[in-house]
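At the far end of the sequence shown sits residue 456, using this note's numbering, and the numbering has no gaps.
Using N, Cα and C, we set each Cβ at its ideal position, and we do this for glycine too.
As the structure is a computational prediction, the values presented were derived from the model and not from experiment.
First comes the structure, then the notes that go with it.
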Amino acid sequence: MGDWTIRPMRPEDVPVAERLSDEGFYQLDLRTQRADRPPPERRTVEHSAGWERRTRHFLETDPGGCWVAEDDSGVLGFATSIRRELMWCLATYVVRPGLQGQGIGRPLLEAALHHGRGCLRGMLSASADPKAVRRYRAAGFDLHPQMFLIGEVDRSAIPVLDKVREGSSSDIELMDSLDRRTRGAAHGPDHPLLLSSFRLLVSDSSTGSGYAYVSPGRLQLLAASNRRTAQRLLWAVLADTEGPALVPHVTAANHWAVDVGLAARLDLHQEGYLGLRGMKPPAPYVHHGALL
Numbered sequence: 165m166g167d168w169t170i171r172p173m174r175p176e177d178v179p180v181a182e183r184l185s186d187e188g189f190y191q192l193d194l195r196t197q198r199a200d201r202p203p204p205e206r207r208t209v210e211h212s213a214g215w216e217r218r219t220r221h222f223l224e225t226d227p228g229g230c231w232v233a234e235d236d237s238g239v240l241g242f243a244t245s246i247r248r249e250l251m252w253c254l255a256t257y258v259v260r261p262g263l264q265g266q267g268i269g270r271p272l273l274e275a276a277l278h279h280g281r282g283c284l285r286g287m288l289s290a291s292a293d294p295k296a297v298r299r300y301r302a303a304g305f306d307l308h309p310q311m312f313l314i315g316e317v318d319r320s321a322i323p324v325l326d327k328v329r330e331g332s333s334s335d336i337e338l339m340d341s342l343d344r345r346t347r348g349a350a351h352g353p354d355h356p357l358l359l360s361s362f363r364l365l366v367s368d369s370s371t372g373s374g375y376a377y378v379s380p381g382r383l384q385l386l387a388a389s390n391r392r393t394a395q396r397l398l399w400a401v402l403a404d405t406e407g408p409a410l411v412p413h414v415t416a417a418n419h420w421a422v423d424v425g426l427a428a429r430l431d432l433h434q435e436g437y438l439g440l441r442g443m444k445p446p447a448p449y450v451h452h453g454a455l456l
């Protein structure tokens, strides 16, 4: 492997990986003409701290799924992945800009994939990077185009909402049940992390159940037992939004989300892929970018 090596990620690698991730994805945004992500120097302290907290969580729960490539100059790339029950998820996968195509990415991904041996299902959220997409397809992942909705919410379109409440840690059992129903595996230890990072909305009634994690202006994750409940939760998310709203990671299996977004006068765009192995696109479900 030349003058660089692949080794397990260590806690002291996390801040370096965070900066590399920001740099790598910002350069990709420039190539794909995405304009809504700020450059690395304008990222907030909260953004960086949240990314590092999540990656340290991966190291604690899945040290065998987290790897870096390095040489004498430092970290050249990294991959983090997790196992949840019988599902393997690729959380983040980055090679330093300018070093793609030099053979670094393949062994990094292979090391992360080895962590998922024996899993029946696999899931990842891919950017539009052609090199990465080609590698995911070669690894056996079906690629499902993703959409996202963005814009100012038309307040007059918001329906009367009920049966939605604030959630808490007492809802984890319900949420794990919905995870298994929609994507085939519970989030398990990821729910406490999500609860510490985002607001939780829950709908649990005789007609259906669901939950949504939300940060200011953005849906982070949504799972429900039926489309009507999923739509109710998404409307609740949009109703509480001040300023522009973002609903990312929508697949064609979740047109209920497209319908809500268009009714709210958001704009629909395409970006990236949901990569799946051994499973159909989850629905009604909007995945989190890293925790899937």
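Distance between beta carbons of residue j and residue i, contact taken as under 8 Å
{"i": "residue 431", "j": "residue 313", "result": "7 Å"}
{"i": "residue 307", "j": "residue 437", "result": "4 Å"}
{"i": "residue 440", "j": "residue 287", "result": "6 Å"}
{"i": "residue 392", "j": "residue 372", "result": "6 Å"}
{"i": "residue 289", "j": "residue 413", "result": "6 Å"}
{"i": "residue 223", "j": "residue 358", "result": "Contact flag wrong, Cβ pair sits at about 17 Å."}
{"i": "residue 429", "j": "residue 410", "result": "Contact flag wrong, Cβ pair sits at about 14 Å."}
{"i": "residue 330", "j": "residue 365", "result": "7 Å"}
{"i": "residue 279", "j": "residue 229", "result": "4 Å"}
{"i": "residue 328", "j": "residue 367", "result": "5 Å"}
{"i": "residue 452", "j": "residue 384", "result": "6 Å"}
{"i": "residue 243", "j": "residue 272", "result": "5 Å"}
{"i": "residue 387", "j": "residue 426", "result": "The Cβ separation is near 22 Å, so there is no contact."}
{"i": "residue 186", "j": "residue 235", "result": "With a Cβ gap of about 21 Å, residue 186 and residue 235 do not count as contacting."}
{"i": "residue 258", "j": "residue 188", "result": "4 Å"}
{"i": "residue 442", "j": "residue 285", "result": "4 Å"}
Segment limits, alpha helix (DSSP H) that includes residue i
{"i": "residue 221", "result": "209 to 225"}
{"i": "residue 278", "result": "269 to 279"}
{"i": "residue 427", "result": "419 to 427"}
{"i": "residue 336", "result": "336 to 347"}
{"i": "residue 354", "result": "354 to 361"}
{"i": "residue 400", "result": "391 to 403"}
Residue i burial status per 10 Å Cβ neighbour count (16 or more: buried)
{"i": "residue 304", "result": "exposed"}
{"i": "residue 267", "result": "exposed"}
{"i": "residue 196", "result": "With a pLDDT of 42 at residue 196, under the threshold of 50, the predicted position of this residue should be treated as unreliable, and no value is reported."}
{"i": "residue 250", "result": "exposed"}
{"i": "residue 360", "result": "exposed"}
{"i": "residue 173", "result": "buried"}
{"i": "residue 245", "result": "buried"}
{"i": "residue 416", "result": "exposed"}
{"i": "residue 376", "result": "buried"}
{"i": "residue 324", "result": "exposed"}
{"i": "residue 374", "result": "buried"}
{"i": "residue 332", "result": "exposed"}
{"i": "residue 395", "result": "buried"}
{"i": "residue 446", "result": "buried"}
{"i": "residue 205", "result": "At residue 205 the pLDDT is 47, less than 50, meaning the model places this residue with poor confidence; the figure from the coordinates comes in the next sentence. Classification of residue 205: exposed, given that the 10 Å Cβ count is below 16."}
{"i": "residue 256", "result": "buried"}
{"i": "residue 335", "result": "buried"}
{"i": "residue 165", "result": "Bear in mind that the predicted position of residue 165 carries a pLDDT of just 49, short of 50, making it too unreliable to give a figure here."}
{"i": "residue 260", "result": "buried"}
{"i": "residue 182", "result": "buried"}
{"i": "residue 169", "result": "exposed"}
{"i": "residue 232", "result": "buried"}
{"i": "residue 318", "result": "exposed"}
{"i": "residue 450", "result": "buried"}
{"i": "residue 369", "result": "exposed"}
{"i": "residue 291", "result": "buried"}
{"i": "residue 269", "result": "buried"}
{"i": "residue 217", "result": "exposed"}
{"i": "residue 448", "result": "buried"}
Residue i: first and last residue of the uninterrupted beta strand (DSSP E) it sits in
{"i": "residue 296", "result": "No beta strand (DSSP E) contains residue 296, which is instead part of the alpha helix (DSSP H) from 294 to 302."}
{"i": "residue 322", "result": "Note, residue 322: premise wrong, no beta strand (DSSP E); not H, not E."}
{"i": "residue 169", "result": "169 to 172"}
{"i": "residue 413", "result": "408 to 415"}
{"i": "residue 384", "result": "382 to 388"}
{"i": "residue 328", "result": "It is not in any beta strand (DSSP E) - residue 328 carries neither H nor E in the DSSP assignment."}
{"i": "residue 453", "result": "Counting along the chain, residue 453 falls outside any beta strand (DSSP E), and DSSP gives it neither H nor E."}
{"i": "residue 376", "result": "372 to 379"}
Identified DSSP bridge partners for residue i
{"i": "residue 312", "result": "433"}
{"i": "residue 252", "result": "247 and 286"}
{"i": "residue 241", "result": "233 and 259"}
{"i": "residue 439", "result": "288 and 307"}
{"i": "residue 364", "result": "377"}
{"i": "residue 369", "result": "372"}
Any non-hydrogen atom of the ligand MN closer than 8 Å to residue i Cβ
{"i": "residue 364", "result": "This structure lacks the ligand MN, and indeed carries no ligand of any kind."}
Minimum Cβ-Cβ distance from residue i to chain D less than 9 Å
{"i": "residue 322", "result": "Absent here is chain D; the protein component of the structure consists of one chain."}
### Query
Any chance the segment 420 to 429 sits against the segment 352 to 368, with 3 or more Cβ pairs inside 8 Å?
Output reads no: the segment 352 to 368 does not touch the segment 420 to 429.
### Query
Is the number of C-beta pairs between the segment 216 to 231 and the segment 177 to 188 that are closer than 8 Å three or more?
With the rule of 3 Cβ pairs closer than 8 Å, the segment 216 to 231 counts as touching the segment 177 to 188.
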